[in-house]
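J.: Per the working numbering, the sequence shown starts with residue 821, numbered consecutively.
Before I ask anything, let me first share the structure, which is written out below as structure tokens.
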Amino acid sequence: VQLQASGGGLVQAGGSLRLSCAASGSISRSNVMGWYRQAPGKQRDLVALITSDGTTNYAASVKGRFTISRDNAKSTVYLQMNSLKPEDTAVYSCFYSDYSHAGVWGQGTQVTVSS
821 VQLQASGGGL
831 VQAGGSLRLS
841 CAASGSISRS
851 NVMGWYRQAP
861 GKQRDLVALI
871 TSDGTTNYAA
881 SVKGRFTISR
891 DNAKSTVYLQ
901 MNSLKPEDTA
911 VYSCFYSDYS
921 HAGVWGQGTQ
931 VTVSS
């Protein structure tokens, strides 16, 4: 499985960005995809996950501001980020997991929120 992420960039506080991540290769119909992020000097933390049946899980810090969704036909997951804050600044990495792939990571994409 390979992951190709896109989106990210520089935005002012209060603005919005959307990240996309497309999976390719031996993709299982039952899987989990999502996003983690890592700020400078900090550990990588969960942002949001979504299962292939649409069940979602969000970090408390992003609930109500971020929305994760997916298009199973395109094997793509999206992260709509609204009301961005400077503390959302981090490298965001796409994640995929299924019964035969314990965890696959895409390349990170930088999100920078200026105050």
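Positions of the beta carbon are idealized from the N, C-alpha and C atoms, including for glycine.
Model, not experiment: these values are computed from the prediction.
Return the CA-CA distance between residue 922 and residue 829, expressed in angstroms with no decimal places.
T.: Using only the alpha carbons, I get a separation of about 29 Å.
J.: Could you please give the first and the last residue of the uninterrupted beta strand (DSSP E) stretch that includes residue 912?
T.: That run of the beta strand (DSSP E) goes 910-918.
J.: So, is residue 854 buried or exposed, given that buried needs 16 or more other C-beta atoms within 10 angstroms?
T.: Buried, because 16 or more other Cβ atoms sit within 10 Å of the Cβ of residue 854.
J.: Taking a contact to mean a Cβ-Cβ separation below 8 Å, would you say residue 924 touches residue 823 in this structure?
T.: Cβ atoms of residue 924 and residue 823: closer than 8 Å.
J.: Go to residue 899, then tell me how far its beta strand (DSSP E) extends in each direction, as first and last residue.
T.: Residues 896-901.
J.: Just how far apart, CA to CA, sit residue 863 and residue 884?
T.: Their Cα atoms are separated by approximately 23 Å.
J.: For residue 873, count neighbouring Cβ atoms within 10 angstroms of its own Cβ and tell me buried if that reaches 16, exposed if not.
T.: Exposed: under 16 other Cβ atoms inside 10 Å.
J.: Apart from the five residues just before and just after residue 888, which ones in its own chain have a Cβ nearer than 6 Å to its Cβ?
T.: If we look at residue 888 and ignore the five residues flanking it on each side, its Cβ neighbours are 868, 870, 876 and 899.
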